[in-house]
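In the numbering used here, the protein residues as written are 660 to 744. We put the CB at the ideal spot given by N, CA and C, even for glycine. In what follows, a single structure is set out as structure tokens and then discussed.
So, in structure tokens, the structure goes:
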């Protein structure tokens, strides 16, 4: 499994929620992601899939329901995401 997806799944299991919002996509919870060669496919609210670039994903996603125990995994997620930019 891709390391970015692995860390994403660990954070989700820990109760961290991911959200996305930009000019073309209404605010919603990211309920699944898939990593492609040059983009991320995000599923919003278990309903609609969108293809976004890694840069768009980095700039427009947020993480909620965090506590200080999550920060090492959050940093690892962000570091893995940087590898695609």
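Counted within 10 angstroms of its Cβ, other Cβ atoms place residue i as buried (16 or more) or exposed
{"i": "residue 666", "result": "buried"}
{"i": "residue 686", "result": "exposed"}
{"i": "residue 677", "result": "buried"}
{"i": "residue 670", "result": "buried"}
{"i": "residue 707", "result": "exposed"}
N- and C-terminal bounds of the alpha helix (DSSP H) containing residue i
{"i": "residue 743", "result": "Premise fails: residue 743 is in no alpha helix (DSSP H) and is neither H nor E."}
Residue i versus residue j: straight-line alpha-carbon distance, rounded
{"i": "residue 704", "j": "residue 664", "result": "18 Å"}
{"i": "residue 684", "j": "residue 695", "result": "19 Å"}
{"i": "residue 679", "j": "residue 697", "result": "18 Å"}
{"i": "residue 738", "j": "residue 717", "result": "11 Å"}
{"i": "residue 734", "j": "residue 710", "result": "24 Å"}
{"i": "residue 731", "j": "residue 740", "result": "14 Å"}
{"i": "residue 688", "j": "residue 723", "result": "10 Å"}
{"i": "residue 700", "j": "residue 661", "result": "14 Å"}
Span of the beta strand (DSSP E), counted from its first residue to its last, around residue i
{"i": "residue 667", "result": "Not the beta strand (DSSP E): residue 667 falls in the alpha helix (DSSP H), residues 662-672."}
{"i": "residue 678", "result": "676-679"}
**Prompt:** What runs of the beta strand (DSSP E), each 3 residues or longer, lie entirely inside the segment 691-719?
**Reply:** 699-703, 707-711
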